[in-house]
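Structure, as structure tokens:
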Amino acid sequence: MNGQIAAVLGIPLVGGVILAALGHRRQAAEINIVLSALTFLASAALVAHVIGEGPFATFGNQFFVDSLNVFLVALTAFVALTTAIFSRPYMRIEEERGKLTAGRLRLFHSMYQLFTFTMLLVLLTNNLGVLWVATEAATLTTVLLVSLYRTPASLEAAWKYFILCGVGIAQALFGTILVYLAAQKVLGSGMDALLWTELARVRGALEPTVMSLAFVFLLVGYGTKVGLVPVHNWLPDAHAEGPTPVSAVLSGLLLNVALYALVRCKVLADGALGTGFAGELLMGFGLLSVVVAAFFLSRQRDIKRMFAYSSIEHMGLITFAFGMGGPVASFAGLLHMTVHSLTKSAIFFAVGHAAQKTGTQLMEDIRGLVRVSPTVGWSLMLGTVAILGLPPFGVFASEFLILTTAMREHPWATPILLVSLAVAFAAIFSKVQPMVFGETNANRLPHPPALLPVFVHLAATLVLGLYIPPYLAQWYREAAKLIG
Amino acid sequence: MMLTPELVGQIINLLAAVMLLISFAMIAQRRVITLVDLFALQGFVLMLSTGFVAYTTGQTHLWYSAGITLLLKVLLLPWILHRLIRKLNVKWEFEGLINVPTTMLLGIVLVILSFNLALPIARVAGTITRGTVGIALAAVLLAFLMMIIRSKAIPQVIGFLAMENALFFAATAATYGMPMVVELGIALDVLVGVVILGVFFFQIRERFDSLDIHHLEKLKEE
Chain A
578 MNGQIAAVLG IPLVGGVILA ALGHRRQAAE INIVLSALTF LASAALVAHV IGEGPFATFG
638 NQFFVDSLNV FLVALTAFVA LTTAIFSRPY MRIEEERGKL TAGRLRLFHS MYQLFTFTML
698 LVLLTNNLGV LWVATEAATL TTVLLVSLYR TPASLEAAWK YFILCGVGIA QALFGTILVY
758 LAAQKVLGSG MDALLWTELA RVRGALEPTV MSLAFVFLLV GYGTKVGLVP VHNWLPDAHA
818 EGPTPVSAVL SGLLLNVALY ALVRCKVLAD GALGTGFAGE LLMGFGLLSV VVAAFFLSRQ
878 RDIKRMFAYS SIEHMGLITF AFGMGGPVAS FAGLLHMTVH SLTKSAIFFA VGHAAQKTGT
938 QLMEDIRGLV RVSPTVGWSL MLGTVAILGL PPFGVFASEF LILTTAMREH PWATPILLVS
998 LAVAFAAIFS KVQPMVFGET NANRLPHPPA LLPVFVHLAA TLVLGLYIPP YLAQWYREAA
1058 KLIG
Chain B
9 MMLTPELVGQ IINLLAAVML LISFAMIAQR RVITLVDLFA LQGFVLMLST GFVAYTTGQT
69 HLWYSAGITL LLKVLLLPWI LHRLIRKLNV KWEFEGLINV PTTMLLGIVL VILSFNLALP
129 IARVAGTITR GTVGIALAAV LLAFLMMIIR SKAIPQVIGF LAMENALFFA ATAATYGMPM
189 VVELGIALDV LVGVVILGVF FFQIRERFDS LDIHHLEKLK EE
């Protein structure tokens, strides 16, 4: 079990260094895939271990694995692998078109692995301080990826990303200091006072005033990274201007990981306060994000920007679900995290190919994808249908659960959610439909692009919509119990 | 001469006051070189106060923390920033978005606010330095204010780093500092962040021939 955690964290860390040292070769993309595949295998072994023997802590309790984080570790490693597979042909074409140089590809591959490492560290660490350090490191590794094209717009996006997330995460550091202050009273000074497992054990004894202040700071801090309104401004820019593989992992993984950090803090705050304070804050911010993002969707012209706003909307929905709490809502939140991550990255893969073929990200200039390339057209359409929450895809199942729980427990929120979802539906569908089926005089592409990752993701989403395997459901239930 | 705990407590309070003064000086300062020097001075004050807390409480890890502060925030980062300013030929003076008197008034409001906010924290904290939590929080918010009112890249980054300093000060004041591993991690993040920003500045310069982040305001919702 130590070996598995060491492998999950060690492979991407060492891999990033190796890829940086090697420089850009023809095989760098393949090495990237192999490393990601190894990380995924290691995470699969970790999952098998946890299923067999239950949660455990190791390395002097510095790392720990339970149902909540092991499922995110597997998801992160999986999407990191498929994105690595997607990025190989994609980045090669970008290089051939002269948009990227060998040096920047080296940066891309190396940072990609290090970014995977930081996310896995956030998930696996038991120490709230290290959690903060790793979240900040995840920002640092992606700043230079967002500005990879060095266009004025991408530089601006990266600058905004750095400053906003940097300031946001500084608030989270203050929150962490406050948690440590509250913990010292109970656990004494030293490393143990920041261990989540220890804090969760004594959470009832933590000083409530300090913990409520701490949670507010943590919410603003990690909420910036989740992309919650009103601290979301970096997100659409970073997604639109960075290379598509980066958009896919930012949207599909980083947001989840930041939300995970927030959820861990919520568990502590709930225990200390004994009131619904933390949950209400989460619900408020979640609902605001859903509403604002839904109304911004229709104003977008850039396709990646539009789907970035869609990510804000979905993260808001998940935050709302965790805010409601309870076994069903938390279950739905976890399921939604999974299907959103799979579907959104699939959409970004399809969008990346569409934008690459047509040479533009402006939606009014992309027309008739089905004629140009049926695979790209259909995968974009299917992905859109899935993310909009139409049955039989998994997003439908989780949104249905969230809405029914809201109806039962917070009836006032249901109409707001329904209207926002309808607005989002209208906005996205009316823009994607002509892009896929509209008239075009462009010629059909000679070779269909390799879109295997898209179909794997969509198939997984479809399966989760029709049938959740019992062990997976069990796992979600246990994780939901942890969240409370 | 033996330093009594009372004396050390007073020295720490004095240093906290100096810290607050430096924060105000930073939001008023218009010359970029002086700003870097003020940042170095702030780091120095932070190091001294961490050192005094370490001396009087006997917390060994605070000595290391003071050492890291000296190396990183008093020597290395100001050196990197000076070098960047020289290499990039940054203009010496810059205008804030709001004039100085208004900024000062805003700053005073922030200080009052943070003292209020710090009350419950100081009540819980059992440290001899708990009186300075309010000042630490004020320094965080003043650094925040500085980032908002500056329109140039380098002053914004200095604001960011000053915020990091203030957070360290807050950690020392409220809890005698975070565990060693965490402090090392934070220091590493700050260092890597500044190096990345250095790279980034050159990219911005190459593209825009200026470090005015007004060039970076094209991405807006129409």
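So the protein lines, in turn, are chains A and B.
First residue of the first sequence? That's 578 in our numbering, and the numbers climb one at a time after it.
First residue of the second sequence? That's 9 in our numbering, and the numbers climb one at a time after it.
From the three backbone atoms N, C-alpha and C, an ideal C-beta is built for every residue, glycine too.
| Query | Result |
| --- | --- |
| Beta-carbon proximity check, A1056 of chain A vs S644 of chain A, cutoff 8 Å | yes |
| Chain B within 8 Å of Y757 of chain A, Cβ atoms only | yes |
| For R876 of chain A and E230 of chain B, the rounded distance between their alpha carbons | A caution first: E230 of chain B carries a pLDDT of 48, below 50, which makes its placement in the model too unreliable to give a value. |
| Nearest-angstrom Cβ-Cβ length linking A974 of chain A and L894 of chain A, presumed shorter than 8 Å | With 8 Å as the limit, A974 of chain A and L894 of chain A do not qualify as a contact, their Cβ atoms being about 13 Å apart. |
| Simplified DSSP state of A932 of chain A, which is helix, strand or coil | helix |
| Cβ neighbour criterion (16 or more within 10 Å) applied to I610 of chain A | buried |
| Boundaries of the alpha helix (DSSP H) in which T653 of chain A is found, first to last residue | 644 to 673 |
| Reference F636 of chain A; option with closest CA among A:N810, A:Y757, A:N704, A:G900 | A:N704 |
| Nearest-angstrom Cβ-Cβ length linking L939 of chain A and D879 of chain A, presumed shorter than 8 Å | 6 Å |
| Rounded separation between I628 of chain A and L1049 of chain A - CA only | 10 Å |
| Below-8 Å beta-carbon distance, L721 of chain A vs any chain B residue | yes |
| Partner residues on chain A for V26 of chain B, Cβ-Cβ distance less than 9 Å | Chain A residues near V26 of chain B: none, gap ~21 Å exceeds 9 Å. |
| For T635 of chain A, the three-state DSSP class (helix, strand or coil) | strand |
| E230 of chain B in three-state terms, based on DSSP | Caution is warranted here: a pLDDT of 48 is assigned to E230 of chain B, below 50, making its placement in the model unreliable, and no coordinate value can be reported. |
| Per-residue DSSP class, three states only, for F640 of chain A | strand |
| Any chain A beta carbon closer than 8 Å to R39 of chain B | no |
| Interface residues of chain A facing M155 of chain B [CB-CB closer than 8 Å] | I740, V744 |
| Candidates A:G798, A:F854, A:A1019, A:A906: closest to E713 of chain A by CA position | A:G798 |
| Cα-Cα separation between L92 of chain B and L795 of chain A, rounded to whole angstroms | 33 Å |
| Sufficient close CB pairs (3 or more, under 8 Å) joining the segment 178 to 190 of chain B to the segment 150 to 163 of chain B | no |
| DSSP-derived helix/strand/coil call for R158 of chain B | strand |
| Classification of E607 of chain A by the beta-carbon crowding that lies within 10 angstroms, buried from 16 upward | exposed |
| Min CB distance T616 of chain A to chain B below 8 Å | no |
| DSSP state of T702 of chain A mapped onto helix, strand, coil | strand |
| Which listed residue (A:G600, A:T728, A:L741, A:G966) has its alpha carbon closest to that of V165 of chain B | A:L741 |
| Inter-residue spacing [alpha-carbon to alpha-carbon] between G115 of chain B and F792 of chain A | 25 Å |
| Residues that DSSP places opposite D879 of chain A in a beta bridge | A:L939 |
| Contact set for T8 of chain B: own chain, Cβ-Cβ below 8 Å, skip 5 residues either direction | Residue coverage of chain B in this structure runs from 9 to 230, which leaves residue 8 of chain B outside it and unanswerable. |
| Under 9 Å from the C-beta of V98 of chain B: neighbouring residues of chain A | Simply none; closest approach about 16 Å. |
| Residue-chain proximity (I204 of chain B, chain A), Cβ-Cβ < 8 Å | yes |
| Residues that A133 of chain B contacts on chain A, provided the C-beta gap is smaller than 8 Å | L758 |
| Range of the contiguous alpha helix (DSSP H) that encloses S1007 of chain A | 990 to 1014 |
| Integer-rounded CB distance, given that V1031 of chain A should sit under 8 Å from S950 of chain A | Wrong, their Cβ atoms sit about 12 Å apart, outside the cutoff. |
| Rounded separation between T616 of chain A and R882 of chain A - CA only | 30 Å |
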